[in-house]
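Residue numbers (the numbering used here): 3 to 92. Glycine included, C-beta positions come from ideal geometry on N, C-alpha and C. A short write-up of the structure that comes next.
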């Protein structure tokens with residue numbers, strides 16, 4: 003329910019930030035990061051992008067370090083305009 007990826011970690015794993023007017027729904031929740039920003043989570047797991055994914059559909063971050071897993075939601079992401087690779091949870 004909280005983010006452990008701060009400081010240097012966010013260079014490789016930028017958080018999937020929520021906009022101020024975003025609202026949680028279903029399995030999609032919003033958590034507050036240590037810096038006060040809001041981040042999307044799926045079933046309580048914070049979501050991140052992987053810097054190595056450059057195009058929609060890229061999933062090269064899946065399995066990195068044996069702890070990063072591709073998020074596989076049943077419902078679509080909260081914001082349709084999100085692009086880039088898949089979302090990852092830690």
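What are the residues that DSSP puts in a beta bridge with residue i?
i: residue 27; result: 30
i: residue 56; result: Answer is none; residue 56 lacks a bridge partner.
i: residue 80; result: Residue 80 pairs with nothing; no bridge assigned.
i: residue 42; result: 32
i: residue 17; result: 50
Measure from the C-beta of residue i to each C-beta in chain B and report whether the shortest distance is under 9 Å.
i: residue 72; result: Of the protein chains in the structure, only one exists, and it is not chain B.
Taking the alpha carbon of residue i as the point to measure from, which residue in the options has its own alpha carbon closest?
i: residue 7; options: 64, 26, 52 and 61; result: 52
i: residue 55; options: 35, 9 and 72; result: 72
i: residue 22; options: 16, 15 and 38; result: 38
i: residue 11; options: 67, 60 and 77; result: 67
i: residue 5; options: 35, 14, 28 and 13; result: 35
CB-CB under 7 Å to residue i, same chain, minus the five flanking residues each way: which ones, in chain order?
i: residue 42; result: 18, 20, 30, 32, 49 and 80
Within its chain, find whatever has a CB closer than 6 Å to the CB of residue i; leave out the 5 residues flanking it on each side and keep chain order.
i: residue 64; result: 72
With DSSP as the reference, label residue i as helix, strand or coil.
i: residue 61; result: coil
i: residue 4; result: coil
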